[in-house]
Amino acid sequence: MGALVIRWVEPKPWNGDDPASSRKVHLDRFADEAAREGWQVTRRYDGPQPLIHVYDREIQDFGESITLAPGRTADMWWFRSSTGENLAPHTKPAQAAKQVTRILIPYVTAVRAARSHQTQTPRPPSPTPPAVPDPSHQTTIAGLHERFAGVVCWWGTYTYEWWAIVPGGTQWKIVNAEDPETLLHKILKARNP
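Note that the UniProt record's numbering gives residue 29 to position 29 of the sequence shown, counting from 1, and the numbers run on in steps of one.
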């Protein structure tokens with residue numbers, strides 16, 4: 001059995017015969033397919049590299065920028081993500097749009113879930129936090145620190161919730177609760193998943 005050899009293949013530069021206008025035609029076809037997938041698209045053709053920005057209408061600050069990159073042969077280009085992933089050949093814009101959906105859906109879903117939690121959780125109005133912290137909060141925090149070494153706890157003066165950062169190796173978890181007893185249970189759960 002022969003040894004596996006992995007080597008870097010340098011992408012070829014754009015051919016001088018391939019004007020930016022021909023790339024824009026393929027990017028326009030991709031933009032139409034991305035819009036059919038339900039995404040918002042913005043064509044950005046004024047920079048050195050024409051690209052399509054794909055994003056969710058409710059989360060406009062996050063998205064994916066798609067360009068065309070040359071392939072190994074003169075007649076093949078690839079739709080490429082901003083992370084350098086080749087999504088599909090230029091002849092398959094619908095496939096590239098589906099790949100963008102695969103990339104964006106987990107992030108968009110997480111942001112939407114977080115936003116819906118924020119809007120559904122009623123909070124008492126508080127224009128400013130109290131000037132002097134409630135002494136009972138300090139007592140509760142000291143008790144939690146004593147019980148859970150290494151856990152950082154606090155009362156959110158703007159959120160009106162109890163918070164804790166729970167260390168766990170290389171990944172720390174943040175938990176919150178409406179009362180100290182619930183926070184205690186969430187800390188225990190975070191420490192012993």
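Where a beta carbon is used, it is the ideal one built from N, C-alpha and C, also for glycine.
Unbroken alpha helix (DSSP H) run spanning residue i, endpoints
i      : result
Thr140 : 135 to 147
Gly180 : Position check: residue 180 holds Pro in this sequence, whereas Gly was assumed. Here the alpha helix (DSSP H) through Pro180 covers 180 to 191.
Cβ of residue i within 8 Å of any chain C Cβ
i     : result
Asn86 : Considering every chain present, this structure includes no chain C. It has just one protein chain.
Residue burial classification, residue i (beta-carbon count within 10 angstroms, cutoff 16)
i      : result
Ser81  : buried
Pro93  : buried
Thr140 : buried
Pro50  : buried
Val41  : buried
Ala114 : exposed
Val5   : At Val5 the pLDDT is 49, less than 50, meaning the model places this residue with poor confidence; the figure from the coordinates comes in the next sentence. Exposed: under 16 other Cβ atoms inside 10 Å.
Gln138 : exposed
Ala74  : exposed
Ala88  : buried
Arg23  : buried
Val100 : buried
Pairwise C-alpha distance: residue j and residue i
i      : j      : result
Asn15  : Val108 : Low confidence applies here, because Asn15 scores a pLDDT of 47, under 50, leaving its location unreliable and the question unanswered by this model.
Val111 : Gln60  : 11 Å
Asp28  : Tyr55  : 16 Å
Ala34  : Trp163 : 40 Å
Val151 : Asp134 : 21 Å
Arg191 : Asn86  : 40 Å
Lys186 : Cys153 : 12 Å
Tyr160 : Trp172 : 22 Å
Trp39  : Leu183 : 39 Å
Gly47  : Trp77  : 19 Å
Ile174 : Gly156 : 13 Å
Tyr45  : Glu64  : 15 Å
Where the beta strand (DSSP E) through residue i begins and ends
i     : result
Arg57 : Premise fails: Arg57 is in no beta strand (DSSP E) and is neither H nor E.
Ala74 : No beta strand (DSSP E) contains Ala74, which DSSP labels as neither H nor E.
Whole-Å CB distance - residue i paired with residue j, under 8 Å assumed
i     : j     : result
Phe30 : Phe79 : 6 Å
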